[in-house]
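Residue numbers (the working numbering), protein chains in the order written: chain A, 580 to 829; chain B, 232 to 397. Glycine residues also receive a C-beta, built at the ideal position from the N, C-alpha and C atoms. Just so it is clear, the structure is predicted and the values come from calculations on it, not from any experiment.
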């Protein structure tokens, strides 16, 4: 594709372009509605509709189109589609009155924690000893503020999960069972929610969230730090801020 | 000739008329542009989102689409927030997104002429006049015309990721 031809055409169409635009941005011009470099217009082509529709449909699925091009050599078009249409094997769990889905691939085992296996660390951090391994405990009802949940760890169920190479013990009220769920993007109409990777629709028509394990761990840590800052206002807030940024960028 | 002229003037005036969907929040009457409204449905089956602001009630399943539900009564600091048979959700389409807003009731659709729409005065801490497109006066009623686009995409509503927008 020819950079100059595209830029000139864009200017004719009154689009906001400049010579300093990156090549990537220039190639994206071909997706603009009503944009066409065709000199002749026929009944079916040259009206600048096709590529617009392509992009809109791909974006509708949450994907994107990347173009790399060199004049006289060729063009490489890459269509990147997310796994939003994917079906996920999930373990549905109950906390309080709420149902959540854990990706089954992350679940290793579940057990009833015994009191003597729970150790407190540095005040409010808790680890659970499972076969000579100490796992950080994530209490979902604390991290996600679920009401009427079981707060006594020995009465709840610990699900051992793995995320980004680390293991955690997640405290839940009840295991409901395995099921396949259709992954629905939350960001289409809302925004990214910390600790939650996506949503799905259950058999009864209600919405359940799919949990993001490392996100939950991070969220729990941030919350505890935020709680500490309230107690001691002299505490510098930088660690919480940086970890928040990490959470957003990942 | 003069008749033709006047009909042109009339048509032009009609073109400027805008239709609004009137809804109530407590005792107050608000209105939004009817063209933004997708549908009206009952309030049901909302899944809470953890750590979200209190006026975001959660998300619901609208025929397979996950839609966030915002309670304007909480956002506007109304005293009584009850969920009953009259509570309705207006599903609106703003900025390529579908959002449901909870209101106390929907009353009617009104056509307002441009001179019935008064500019919104500078006031309001909870509801900045940036989010108003004006005040509609209809005999003894006053309608607060909400610019639903601006309101729902504003930063304080926290509905839209600002990073995603850019």
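{"Item": "Find the residues of chain B that neighbour residue 780 of chain A, judging by a C-beta separation of less than 9 Å, and give them in chain order.", "Value": "292, 295 and 297"}
{"Item": "Comparing the C-beta of residue 792 of chain A with each C-beta of chain B, is any distance below 9 Å?", "Value": "no"}
{"Item": "Can you tell which of A/601, A/805, A/762 and A/616 has the C-alpha that lies nearest to the C-alpha of residue 584 of chain A?", "Value": "A/616"}
{"Item": "Per DSSP, what are the beta-bridge partners of residue 324 of chain B in this structure?", "Value": "B/329"}
{"Item": "Any chance the CB of residue 376 of chain B is under 8 Å from a heavy atom of the ligand MG?", "Value": "This structure lacks the ligand MG, and indeed carries no ligand of any kind."}
{"Item": "So, at 8 Å on beta carbons, what are the nonlocal neighbours of residue 614 of chain A in its own chain, with the 5 sequence-adjacent residues on each side left out?", "Value": "588, 589, 592, 594, 608, 627, 630 and 631"}
{"Item": "Please report the residue range of the beta strand (DSSP E) in which residue 734 of chain A lies.", "Value": "Careful: residue 734 of chain A lies outside any beta strand (DSSP E) and carries neither H nor E."}
{"Item": "Using a cut-off of 8 Å between C-beta atoms, extract the partners of residue 383 of chain B located in chain A.", "Value": "By Cβ distance, chain A contributes nothing, its closest Cβ being about 11 Å from residue 383 of chain B, past 8 Å."}
{"Item": "Between the alpha carbons of residue 192 of chain B and residue 798 of chain A, how many angstroms are there, rounded?", "Value": "Outside the displayed span of chain B (232 to 397) sits residue 192 of chain B, for which this structure offers no information."}
{"Item": "For residue 742 of chain A and residue 682 of chain A, what's the separation of their Cα atoms in angstroms?", "Value": "10 Å"}
{"Item": "So what does residue 787 of chain A bridge to, in DSSP terms?", "Value": "A/779"}
{"Item": "Please confirm whether residue 254 of chain B and residue 322 of chain B have their CB atoms less than 9 Å apart.", "Value": "no"}
{"Item": "Buried or exposed: which applies to residue 314 of chain B, given that a residue is buried once 16 or more other Cβ atoms fall within 10 Å of its Cβ?", "Value": "exposed"}
{"Item": "Should residue 248 of chain B be flagged as near chain A, meaning a C-beta pair shorter than 9 Å?", "Value": "no"}
{"Item": "Please report the distance separating the alpha-carbon of residue 690 of chain A from that of residue 803 of chain A.", "Value": "25 Å"}
{"Item": "For residue 278 of chain B, which residues in the same chain have their Cβ closer than 8 Å to its Cβ, ignoring the five residues on either side in sequence?", "Value": "289, 290 and 291"}
{"Item": "Against chain A, with Cβ distances strictly below 9 Å, would residue 320 of chain B count as a contact?", "Value": "no"}
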